[in-house]
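Worksheet for the structure shown next.
Residue numbers (our numbering): 22 to 409.
Printed below as a string of structure tokens:
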């Protein structure tokens, strides 16, 4: 991994203050990566991300393969040049999206055949094919193709785990781009013995970094945290650890406490486009009638452009009027919140006060009720805001 280096600079319990150096710059960790599924973080430009302090952006192999196509992106000079982002990039393998298609896909030992959600056309992903696509896109970090199993089904998880391991070996053999780090993905649902088996197997393959996949997909928070308690100590201490698809602030604090280094999730940007704003006290629904004449900013101690410039009443007006500017301002605030949270986490680890920080965070931060979150997900299909 000559183009990459990783160093842990300080620890506080299991929490780690670290840095991953990539060909496109350093990533101070713990870190949060905004998601730009189609080579774009919705409503924002690359300069917005730079001003917000983002150091890593994630894009999606499945979506970019279908549209505009990895070969076109390669002809345009690679994903960095194509999307105008000069910093580090990560592409996931598209495995989660393919396995989410359910009735649109068919699995076998060699790979998975699926139908496009765009036009119904048939396509096939194998480990070798996914490596070809990700190397053409040219992100700094690429992910192996894995099988994403329901977290609570042990029999399914055991079979999927073995296939994921065989696919990881084939990805490792097929990957040859020296300026791109290929990460392995630990699977195994909520079952400690399967997670440990996966971590042990992948560690033997000596990947430059390791992701924990298959969480935040239906299990309880307690089950997620217990899984991390078992998994993180089994991963190499000298390599970065990535928790995939987790972005609730309370989950990030708890995962850092257990030794995770970085995260990605659509949550902050997606809920922003639906009027849910992140604050230190919990979520705020800007559509609520009580904000109709509220002259305060979203959060009084927030330094983001949205909070420095506009009132809650104005933001509510934009959402009620379905103005695109409202989506943009809400997204700016939520990403600022997440990136400021990571700043605070790094500072607390560096000063040896992370446990106190964690306690203070939970004492102040109200967690959104799970039933409310489910209702919000159900409303997305009727929202004018595009997804993901």
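C-beta: ideal position from N, C-alpha, C; glycine also. Since the structure is predicted, the reported quantities are computational estimates derived from the model, not experimental observations.
Residues near residue 316 in its chain [Cβ-Cβ closer than 8 Å; skip 5 each side]: 332, 333 and 334
Pairwise C-alpha distance: residue 270 and residue 312: 24 Å
According to DSSP, residue 134 sits in a beta bridge with which residue or residues? 127 and 145
Beta-ladder partner(s) of residue 41, from DSSP: 27 and 48
If residue 291 and residue 341 are in contact, beta carbons under 8 Å, what's the gap, nearest whole angstrom? Contact flag wrong, Cβ pair sits at about 19 Å.
When the Cα of residue 28 is compared with those of 294, 257 and 76, which residue comes out closest? 257
Distance CB(residue 231)-CB(residue 205) smaller than 8 Å: yes
Return the Cβ separation of residue 250 and residue 279 in integer angstroms, given the expectation that the two are a contact with Cβ distance under 8 Å. 6 Å
Give the DSSP-derived three-state secondary structure of residue 80 in the structure shown. strand
When you compare the region 72-90 with the region 185-199, are there three or more beta-carbon pairs, one atom per stretch, that lie closer than 8 Å? no
Decide if the region 173-180 is in contact with the region 136-144; the criterion is three or more beta carbon pairs, one per stretch, under 8 Å apart. no
In DSSP terms, what residue 305 is bridged to: 298
Which of helix, strand or coil DSSP assigns to residue 35: coil
With DSSP as the reference, identify every bridge partner of residue 264, one or two as the case may be. 233 and 284
Where DSSP assigns a beta bridge to residue 113, which residues make up the other side? 81
So for residue 62, helix, strand or coil by DSSP? coil
Checking 8 Å against the spacing of the C-beta atoms, do residue 131 and residue 147 come in under that value? yes
When DSSP builds the beta bridges, which residues end up paired with residue 164? 204
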